[in-house]
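The sequence shown begins at 1 in the UniProt record's numbering and counts up one residue at a time. Remarks on the structure that follows.
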Amino acid sequence: MEKHHQDVLTRNWTNLCSDLDTSLIVDYLLQEKILSCDDIERIQQNGKIQRDRARELLITLLRKGPNAFEVFVKSLESDHHHLHELLLRDYENRSDKAKDCGVDELQRQLKLHYKTMTRIHPVSWLPQHRLSLIDVYTELRLVPTGSLHAPQQLTSDQQVILGNLFSPNAFSEDPKRLLIEGEAGIGKTTLLQKLVSMWNKDCPGEECGSPCIHTFDLLFNFHATDFIGCTSIPEVINSSLLAQDCQMSAEILKAMLQKHNIVFVVDAYDEACVENPLLNQLIEKRIMRNATVLVCSRPAHLKQLQIFDSIFVVSGFDEKHQVEYVDKFAKQGNLSRGPLAELRLKMTNELQDLCRNPLILTILCMLCSECLKSDSVKDPRYNPVNMKSSANLPYMYRSPKMCGIVRLDLTGTFAWLSGFSVELSIHSDVWCPEIGGLIPKLRTRKLFI
Numbered sequence: 001m002e003k004h005h006q007d008v009l010t011r012n013w014t015n016l017c018s019d020l021d022t023s024l025i026v027d028y029l030l031q032e033k034i035l036s037c038d039d040i041e042r043i044q045q046n047g048k049i050q051r052d053r054a055r056e057l058l059i060t061l062l063r064k065g066p067n068a069f070e071v072f073v074k075s076l077e078s079d080h081h082h083l084h085e086l087l088l089r090d091y092e093n094r095s096d097k098a099k100d101c102g103v104d105e106l107q108r109q110l111k112l113h114y115k116t117m118t119r120i121h122p123v124s125w126l127p128q129h130r131l132s133l134i135d136v137y138t139e140l141r142l143v144p145t146g147s148l149h150a151p152q153q154l155t156s157d158q159q160v161i162l163g164n165l166f167s168p169n170a171f172s173e174d175p176k177r178l179l180i181e182g183e184a185g186i187g188k189t190t191l192l193q194k195l196v197s198m199w200n201k202d203c204p205g206e207e208c209g210s211p212c213i214h215t216f217d218l219l220f221n222f223h224a225t226d227f228i229g230c231t232s233i234p235e236v237i238n239s240s241l242l243a244q245d246c247q248m249s250a251e252i253l254k255a256m257l258q259k260h261n262i263v264f265v266v267d268a269y270d271e272a273c274v275e276n277p278l279l280n281q282l283i284e285k286r287i288m289r290n291a292t293v294l295v296c297s298r299p300a301h302l303k304q305l306q307i308f309d310s311i312f313v314v315s316g317f318d319e320k321h322q323v324e325y326v327d328k329f330a331k332q333g334n335l336s337r338g339p340l341a342e343l344r345l346k347m348t349n350e351l352q353d354l355c356r357n358p359l360i361l362t363i364l365c366m367l368c369s370e371c372l373k374s375d376s377v378k379d380p381r382y383n384p385v386n387m388k389s390s391a392n393l394p395y396m397y398r399s400p401k402m403c404g405i406v407r408l409d410l411t412g413t414f415a416w417l418s419g420f421s422v423e424l425s426i427h428s429d430v431w432c433p434e435i436g437g438l439i440p441k442l443r444t445r446k447l448f449i
């Protein structure tokens, strides 16, 4: 029996021992598998007075499982109605107070946990390279699926700012299931981190958007893999978001989830879409129907798109925000603008399409800063003459100062790309074991020497 249920019984111990006739309820408790035959024999032992039998029953119940309290209260309903009402009233009064206190404590614990999300790791295979989300976050183009065009043709009216993500649309006045799709490295995770950090701070007013993220009493931020192996939402919350010494009972969490305005933010659905029944139940409204659920994924992993009230696509940086991001990166790394001048020039020409992807732009910025520190050591296995039209982005080098991490030589990259105009498309995702990370494999469609 859970601690708060034990407390209800002990607070009403005197009344229960005085008025409870165990002979009227033990058969029901046996039927519901709360008591065993041995338990009943011990409780109803000859020679015991009614008070002693009631005391023995209560002591036995305290040692039983989590369902014992609920079944015991139900057993009192017909023959001990006044005791039934007494326990229910006590439990409900205490539960209401616990819920109110519990929500404040849960908010505090979540906000402590989310403080770490102000740091971002823009390149997954270089975890030691961290940036400040506050200092470098740059607005991404977020487009509703009804406004999909080529990136160059998008207007400001067709784009959605992060603060208006939960706004009503032509398909729903109150969107409850939202999907954000985007290719690898396009900034989906960083976008979610920004949203969580907005909730973690006090509402700044109108600039927060409409409806404001702060209309949600509780925000639960998960990676899709957090749901695997769990059978309930309280279990996921306790195992993924709360410290072991701060976890809450499933019953209290369930009550809070039902009473308050909740948003679930789930990243990387594509990485855990198989054998993840609890997450799929949440998305499909088979549980937590009234909660808001925001899911991020690479394209084509969520088949039942009719479930979603709003669907958006992240299309990366436009030209203005490419420049803004490079300037913020330079300021964060204390770089002078000189080393980035060549990159800025190429961003308006040969590298324009590539630099729409925040991951690729970050790598190019890192290479600019690295070029100041050491000269590259060219890999003798590479021969530019033999480079085919379909290749990984394009020159790979090793640098002793980068501890063997494969990197791109900026000068060589620019020289290779400036020889012709390129139309590039994402061909497939390939695992590169040398860098231990996922990089886009780029395919050249047309070459004009």
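C-beta atoms are modelled at their ideal positions from N, C-alpha and C, and glycine is treated no differently.
Margin query: Within the continuous alpha helix (DSSP H) that includes PHE69, where are the two ends?
Written below: Here residue 69 corresponds to residue number 69 of the sequence shown, with the count starting at 1. Note, PHE69: alpha helix (DSSP H), 68–75.
Note to self: Checking 8 Å against the spacing of the C-beta atoms, do THR138 and TYR269 come in under that value?
What the structure shows: Here residue 138 is taken as the residue at index 138 of the sequence shown, counted from 1. Here residue 269 is taken as the residue at index 269 of the sequence shown, counted from 1. With contacts defined by Cβ atoms closer than 8 Å, THR138 and TYR269 do not form a contacting pair.
Item checked: Nearest neighbour of GLU319, chosen from VAL295, LYS303, LEU345, ARG298 [CA to CA] -> Counted from its first residue, the sequence shown places residue 319 at position 319. Per the Cα distances, LEU345.
Check: For chain C, is any of its Cβ atoms less than 8 Å away from the one on ILE262?
Finding: The displayed structure is made up of one protein chain only, and chain C is not part of it.
Note to self: Measuring straight from C-alpha to C-alpha, what distance separates LEU140 and TYR114?
What the structure shows: The sequence position of residue 140 within the sequence shown is 140, counting from 1. The sequence position of residue 114 within the sequence shown is 114, counting from 1. Going by C-alpha positions, LEU140 is about 22 Å away from TYR114.
Item checked: Bridge partners - HIS223, DSSP secondary structure assignment -> Residue numbering aside, residue 223 sits at position 223 when the sequence shown is read from its first letter. In DSSP, HIS223 forms a bridge with ASP267.
Next item on the list: Assign VAL313 to one of three DSSP states: helix, strand, or coil.
Entry: Numbered from its first residue, the sequence shown carries residue 313 at position 313. DSSP places VAL313 in strand when its eight states are reduced to three.
Item checked: Span of the alpha helix (DSSP H), counted from its first residue to its last, around ARG11 -> Residue 11 sits at position 11 when you count from the first residue of the sequence shown. Looking at the DSSP string, the run of the alpha helix (DSSP H) that includes ARG11 is 3–11.
Check: By the 10 Å Cβ neighbour count, where 16 or more other Cβ atoms means buried, how is LYS64 classified, buried or exposed?
Finding: Position 64 of the sequence shown, counted from the start, is the residue given in the question as residue 64. That one is buried.
Note to self: Is it buried or exposed, TRP199, if we count other Cβ atoms within 10 angstroms and call 16 or more buried?
What the structure shows: In the sequence shown, residue 199 corresponds to position 199, counting from 1. With 16 or more Cβ atoms within 10 Å of its Cβ, TRP199 is classed as buried.
Next item on the list: Would you kindly work out how many angstroms separate the C-alpha atoms of ASP174 and GLN44, rounded to a whole number?
Entry: Here residue 174 corresponds to residue number 174 of the sequence shown, with the count starting at 1. Here residue 44 corresponds to residue number 44 of the sequence shown, with the count starting at 1. If you take the alpha carbons of ASP174 and GLN44, they lie about 58 Å apart.
Notebook entry, point to check: Just how far apart, CA to CA, sit THR190 and LYS259?
Noted result: Locating residue 190 in the sequence shown gives position 190, where the first residue counts as 1. Locating residue 259 in the sequence shown gives position 259, where the first residue counts as 1. Whole-angstrom Cα-Cα distance: 30 Å.
Checklist line | Chain-order list of residues whose beta-carbon lies under 6 Å from that of ARG356 (same chain, five-residue window excluded) | finding: The residue given as residue 356 occupies position 356 in the sequence shown. Within the same chain, Cβ atoms closer than 6 Å to the Cβ of ARG356 are found at GLY316, PHE317, the five residues on either side in sequence being excluded.
Notebook entry, point to check: Can you find at least 3 beta carbon pairs, one from the stretch 118–136 and one from the stretch 329–338, that sit closer than 8 Å?
Noted result: Yes, the stretch 118–136 is in contact with the stretch 329–338.
Margin query: Rounded to the nearest angstrom, what separates LEU20 and ARG51 at their Cα positions?
Written below: The sequence position of residue 20 within the sequence shown is 20, counting from 1. The sequence position of residue 51 within the sequence shown is 51, counting from 1. Whole-angstrom Cα-Cα distance: 8 Å.
Margin query: Judging by CA-CA distance, which residue of ALA255, GLU77, ILE228 is the nearest neighbour of residue 459?
Written below: This structure cannot speak to residue 459, because the chain is shown only from 1 to 449.
Check: Is it right to say ARG53 is buried, meaning 16 or more other beta carbons lie within 10 angstroms of its own, or is it exposed?
Finding: Counting from 1 along the sequence shown, the entry for residue 53 is found at position 53. The residue is buried, with at least 16 neighbouring Cβ atoms inside 10 Å.
Note to self: Does SER336 come out as helix, strand or coil in the three-state DSSP assignment?
What the structure shows: Counted from its first residue, the sequence shown places residue 336 at position 336. Reduced to three states, the DSSP call for SER336 is coil.
Next item on the list: Measure the beta-carbon distance from LEU195 to LEU162 and round it to whole angstroms, keeping in mind my assumption that it falls under 8 Å.
Entry: In the sequence shown, the residue the question calls residue 195 occupies position 195. In the sequence shown, the residue the question calls residue 162 occupies position 162. With a Cβ gap of about 6 Å, LEU195 and LEU162 count as contacting.
Note to self: Quick check: the Cα distance between GLN322 and GLU181, rounded to an integer number of angstroms?
What the structure shows: The residue given as residue 322 occupies position 322 in the sequence shown. The residue given as residue 181 occupies position 181 in the sequence shown. When only Cα atoms are considered, GLN322 and GLU181 end up about 20 Å apart.
Check: Given a threshold of 16 other Cβ atoms within 10 Å of its Cβ, counted over all protein chains shown, does GLY205 qualify as buried or as exposed?
Finding: Looking up residue 205 in the sequence shown gives position 205. Here GLY205 is exposed: its Cβ has fewer than 16 other Cβ atoms, across all protein chains shown, within 10 Å.
Notebook entry, point to check: Is the beta carbon of ARG177 sitting closer than 8 Å to the one on PHE308?
Noted result: For the purposes of this step, residue 177 is taken as residue 177 along the sequence shown, with counting starting at 1. For the purposes of this step, residue 308 is taken as residue 308 along the sequence shown, with counting starting at 1. For ARG177 and PHE308, yes; Cβs fall inside 8 Å.
Next item on the list: Answer with buried or exposed for PRO299, where buried requires no fewer than 16 other C-beta atoms within 10 angstroms of its C-beta.
Entry: Looking up residue 299 in the sequence shown gives position 299. With fewer than 16 Cβ atoms within 10 Å of its Cβ, PRO299 is classed as exposed.
Notebook entry, point to check: If you pair each beta-carbon of the stretch 277–287 with each one of the stretch 221–235, do three or more pairs fall below 8 Å?
Noted result: Using a Cβ-Cβ distance cut-off of 8 Å, the stretch 277–287 and the stretch 221–235 are in contact, since at least three pairs of beta carbons, one from each stretch, lie closer than that value.
Checklist line | The alpha helix (DSSP H) enclosing CYS37, as first and last residue numbers | finding: Mapped onto the sequence shown, residue 37 falls at position 37. Per DSSP, CYS37 belongs to the alpha helix (DSSP H) from 37–43.
Next item on the list: Could you say which of ASN349, SER75, ASP327 lies nearest to THR362 if we only look at CA atoms?
Entry: On the sequence shown, position 362 is the one that residue 362 refers to. Closest by C-alpha distance to THR362, out of ASN349, SER75, ASP327, is ASP327.
Check: Which residues in the same chain as ARG42 place their Cβ atom closer than 8 Å to its Cβ, once the five residues preceding and following it in sequence are excluded?
Finding: The sequence position of residue 42 within the sequence shown is 42, counting from 1. GLU56, THR60.
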